[in-house]
Amino acid sequence: MSQTVETLRQHLSRIDGKGYPAYKDIRGSYTFSDFTLFIDHVQGDPFAAPSRLRARVAMGVAQFPPETHAHPSRLIALRDFLARAFAAVCRTASDRSRGSGKSGLIAMDMPGQEILERSSIVVTPEYVEARFVVGLPARGRRILGRPAAAMLCDDLPQIVTAALIYQNLNTKQLTAHLNAAEDTDHLRSQLDALGLVAFVADGAHLPRRSGVDDRPLQGSEVVPFHSPEPLRVTVDLPHAGQVSGMGIPMGVTLIIGGGYHGKSTLLNALERGVYNHIPGDGRELVVAEASAVKIRAEDGRRVEGVDIRPFINNLPNGQSTAAFRTDNASGSTSQAANMMEALEVGCRLLLLDEDTCATNLMIRDARMQALVEKAGEPITPFVDRVRQLANEQGISSILVLGGSGDYFDVADTIIRFDTYRPRDVTAEAKTVAAQHPTGRHSEVTGPWPATLSPRLPLAESLDPRKGRRAVSIKGRALRAVLFGREEIDVSDVAQLVDEGQVRAIGQALNLARERFMTGRGGRDVAAIVKAVMGEIETNGLDALDTRQSGDYVAFRPYELAAALNRLRTLKVR
Ligand code: ADP
Ligand code: MG
184 MSQTVETLRQ HLSRIDGKGY PAYKDIRGSY TFSDFTLFID HVQGDPFAAP
234 SRLRARVAMG VAQFPPETHA HPSRLIALRD FLARAFAAVC RTASDRSRGS
284 GKSGLIAMDM PGQEILERSS IVVTPEYVEA RFVVGLPARG RRILGRPAAA
334 MLCDDLPQIV TAALIYQNLN TKQLTAHLNA AEDTDHLRSQ LDALGLVAFV
384 ADGAHLPRRS GVDDRPLQGS EVVPFHSPEP LRVTVDLPHA GQVSGMGIPM
434 GVTLIIGGGY HGKSTLLNAL ERGVYNHIPG DGRELVVAEA SAVKIRAEDG
484 RRVEGVDIRP FINNLPNGQS TAAFRTDNAS GSTSQAANMM EALEVGCRLL
534 LLDEDTCATN LMIRDARMQA LVEKAGEPIT PFVDRVRQLA NEQGISSILV
584 LGGSGDYFDV ADTIIRFDTY RPRDVTAEAK TVAAQHPTGR HSEVTGPWPA
634 TLSPRLPLAE SLDPRKGRRA VSIKGRALRA VLFGREEIDV SDVAQLVDEG
684 QVRAIGQALN LARERFMTGR GGRDVAAIVK AVMGEIETNG LDALDTRQSG
734 DYVAFRPYEL AAALNRLRTL KVR
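Numbered per the working numbering, the sequence shown spans residues 184 to 756.
This is the structure:
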């Protein structure tokens, strides 16, 4: 039964001065004039994780026109926009001077540069709902009832009204946000038909403010992107209309050039091009094939039962590379595992930056081949596999290179960056390749293997228990998933962009364990990941938690697989 605001106000003033646990009684739902407030969880003390609340506004009151949420791209963008609006109003309304611990806090996570599906805002044809946290005020451990009433009964209605009612929002900004997302999704969906794996619009701003600030670099020194003529294509978008830019064709593409000329900046933008960006970001119309995965070396990582034979065979200790396992991978074995794991779950575009790759996995030049015969070298370098991947498997690669010209022979497209300006140098590079033969011979004898060893994860190798808790799952920034007593290091998983994704992946692992894994290893990794993604597709991010939590942000199958693969207790059959 829903109660009135006045009941809540009276209740809060009645418990003023009492011990903190008396707050527990305010759990329940309350009818405000414009919305319903659900107090789902009340914190145990002022220093504990804050209380969890939801405010639900009926669509008849919120009045979002159907065109703001009818289309799936626009619905996600609307939710993202409302999360930004709600978080921003909370920041100004939150009054942390209201007592000890988290007293006075009203908050929702502020999204970054990407437009993503977020459980903090839910929009249905019937209502708009915000899920947020509140620090119920206390002095010491005594309830401050009147400030609590001011927060919940006076401040909160203002926040809700400002952020969740259509006519109170900046509707021009909202329209731009929705249109940007729809255009980007449209553009990405066109890539395949155009024979492309990526597109970078003319005029895009790629560089970021700093390594820890993802907003666009500003100032007159920024060189806007300008496509090389031979690679220029024009696309037609629902809102932006005709847009020209550089199309990166399927196949093998090199991005070359001197140090500090903007190569990695382009690759980083392509990594993020699997997501949509907010207006003003500069990368709104920079897209990559949705399944693109950034690959790097990651020595020290754990690897469990991965078939890395396409790259590594005959290890000196006689260890199997058909089901390679190690608690401490080397640069080359970690990178080989990263590639095979990405391909295992359907990656169709590999993104590699020479700076973060293992040199010996990338290249073995003629002199090294002459001195160290093949029998003494377990590695088949990527340069000898990259064409095969493209020709036989339909898997494209984009490589940033500054040091190795041996790739000229195997590339389809070569783009040179000179002071941030790209040029198509494919023909020149092919001439150089003809004039200066590498003298090396391919180390590949057969085709890319038709079948690889399957991996069937065992449910009991995932244990979410910690202390007295049956399930303890948390995210630690973009660095780690805390799963039970295990800390899964995801700091080298480049395409995680929001802490909410890390938390969601933690829950998704548990869902996978409970529902889609068995003790004997029933499904393979690809099937498990697919099943989890299907569950979220059907039931939304709420599939991840029994509580209606605002903590989660949508993630891709590749990052879910990446977390599973890095779990140090994982066992596969
Ligand atoms: P590379 O990988 O070729 O060595 P980076 O991509 O790391 O070079 O870029 C070097 C520096 O130049 C970075 O600080 C980056 O922010 C800046 N930069 C990149 N692209 C541009 C651009 N279009 N305009 C201005 N500065 C840029
Ligand atoms: Mg670089």
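Even for Gly, the Cβ is constructed at its ideal location relative to N, Cα and C.
Since this is a predicted model, take the numbers as computed values, not measurements.
When you compare the CB positions of Leu-389 and Ala-452, do they come within less than 7 Å of one another, or not? Going by C-beta atoms, Leu-389 is nearer than 7 Å to Ala-452.
For a test of your reading of the model: does the CB of Lys-762 fall under 6 Å from any non-hydrogen atom of the ligand MG? Yes or no. Given that the chain is displayed from residue 184 to residue 756, the structure contains no residue 762 and the question cannot be resolved.
Report all residues from its chain with a CB closer than 6 Å to the CB of Ala-480; omit the five preceding and five following residues, and keep chain order. Only Gly-514, Ser-517, Gln-518, Cys-540, Ala-541 meet the Cβ criterion.
Just how far apart, CA to CA, sit Phe-315 and Lys-557? 60 Å
Just verifying my parser: in three-state terms, what is the DSSP assignment at Gln-356? helix
Check whether the Cβ of Tyr-443 lies closer than 6 Å to any heavy atom of the ligand ADP, and answer yes or no. yes
Helix, strand or coil for Thr-596? Go by DSSP, reduced to three states. strand
Ser-403 beta carbon near the ligand ADP (any heavy atom closer than 6 Å): no
Restricting to runs no shorter than 3 residues, where is the beta strand (DSSP E) found entirely within the region 368 to 415? 379 to 384, 391 to 393, 396 to 399
Cα-Cα separation, Gln-246 to Gln-350: 8 Å
Inter-residue CB distance, Gly-456 and Val-469 (contact presumed, cutoff 8 Å): 5 Å
Mapping the DSSP letters down to three states, classify Ser-579 as helix, strand or coil. strand
Rounded to the nearest angstrom, what separates Thr-774 and Arg-262 at their Cα positions? Coverage of the chain is limited to positions 184 through 756, which leaves residue 774 absent and any answer about it impossible.
Distance, Gly-588 Cα to Gly-622 Cα: 12 Å
Which of the three DSSP states, helix, strand or coil, is assigned to Lys-613? helix
Neighbourhood of Phe-591 by C-beta distance below 6 Å, restricted to the same chain and skipping five residues each side: Ala-612, Ala-616
Roughly how many angstroms lie between the CA atoms of Arg-751 and Tyr-310, to the nearest whole one? 43 Å
If you measure from the CB of Val-406, is any heavy atom of the ligand ADP nearer than 6 Å? yes
Mind checking whether the beta-carbon of Ser-447 lies closer than 6 Å to any heavy atom of the ligand MG? True, at least one ligand heavy atom lies under 6 Å from that Cβ.
May I have the straight-line CA-CA distance separating Ala-473 from Gly-463, to the nearest angstrom? 22 Å
Inside the region 499 to 573 only - beta strand (DSSP E) runs reaching at least 3 residues: 507 to 509, 532 to 536
Within 7 Å, strictly: CB atoms of Arg-755 and Arg-638: Here residue 755 is Val; the residue named in the question, Arg, does not match the sequence. Yes, the Cβ-Cβ distance between Val-755 and Arg-638 is below 7 Å.
Any heavy atom of the ligand MG closer than 6 Å to the Cβ of Asp-464? no
Helix, strand or coil: which one does DSSP assign to Met-184? coil
Determine the direct distance from the alpha carbon of Leu-258 to that of Glu-720, and round the result to whole angstroms. Straight across, the Cα-Cα distance linking Glu-720 with Leu-258 is about 14 Å.
Under the DSSP definition of a beta bridge, which residues are partnered with Gln-425? Asp-419
For Asp-375, count neighbouring Cβ atoms within 10 angstroms of its own Cβ and tell me buried if that reaches 16, exposed if not. Its Cβ having fewer than 16 others within 10 Å, Asp-375 is exposed.
If Ala-332 and Leu-420 are in contact, beta carbons under 8 Å, what's the gap, nearest whole angstrom? That pair is no contact at about 50 Å.
Cβ-based burial, Val-712 [other Cβ within 10 Å; buried from 16]: Classification of Val-712: buried, given that the 10 Å Cβ count is 16 or more.
Please classify Ala-653 as buried or exposed, where buried requires at least 16 other C-beta atoms within 10 Å of its C-beta. For Ala-653, the number of other beta carbons within 10 angstroms of its own is below 16, and it is reported as exposed.
Whole-angstrom distance between Glu-718 and Thr-417, CA atom to CA atom: 37 Å
Shortest alpha-carbon distance to Arg-749 belongs to which of Asp-217, Ser-732, Arg-508, Ala-359? Arg-508
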